[in-house]
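Worksheet for the structure shown next.
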Amino acid sequence: FVRGDGDLNLAALARLRGQAVVHDDERRVWAFGAPPEARAANRPSLEAPEFTLPDLDGRLHSLSDARGRKAVLIAWASW
Numbered sequence: 344f345v346r347g348d349g350d351l352n353l354a355a356l357a358r359l360r361g362q363a364v365v366h367d368d369e370r371r372v373w374a375f376g377a378p379p380e381a382r383a384a385n386r387p388s389l390e391a392p393e394f395t396l397p398d399l400d401g402r403l404h405s406l407s408d409a410r411g412r413k414a415v416l417i418a419w420a421s422w
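Quick look at the structure:
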């Protein structure tokens, strides 16, 4: 992973480890995701936990309302 010029090939190393990687050349920033074994340890199942949230009209909706159907969960934060 060390090139002939002494630079590290971080993208190749991340791919080998199965990590997601993004790079911003202009800002010289790299970000690496957790390796697969760490991600797997954090989710014992692929099932989302039950929760209930209001819609824009104040009506409550639970994830279990969609049981047996496909559902898309979108999370957003302003920061």
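Residues 344 to 422 (the numbering used here) make up the sequence shown, in order. Cβ coordinates follow ideal geometry from the N, Cα and C atoms, glycine included. Keep in mind it's a predicted model, so treat the numbers as computed, not measured.
Notebook entry, point to check: Any chance the stretch 372-392 sits against the stretch 356-364, with 3 or more Cβ pairs inside 8 Å?
Noted result: yes
Check: With 16 other CB atoms within 10 Å as the buried threshold, where does residue 357 fall?
Finding: buried
Next item on the list: Could you please give the first and the last residue of the uninterrupted beta strand (DSSP E) stretch that includes residue 399?
Entry: Segment: none, residue 399 is in no beta strand (DSSP E) and carries neither H nor E.
Item checked: Nearest to residue 411 (by Cα), restricted to the options 352, 390, 373, 346 -> 390
Note to self: So if DSSP puts residue 374 in a beta bridge, which residue, or which two residues, is it bridged to?
What the structure shows: 365
Next item on the list: Could you round the C-beta distance between residue 403 and residue 393 to whole angstroms and report it? I think they count as a contact, below 8 Å.
Entry: Not quite, the Cβ-Cβ distance comes to about 13 Å (not below 8 Å), so this is no contact.
Next item on the list: In angstroms with no decimal places, state the Cα-to-Cα distance between residue 399 and residue 421.
Entry: 18 Å
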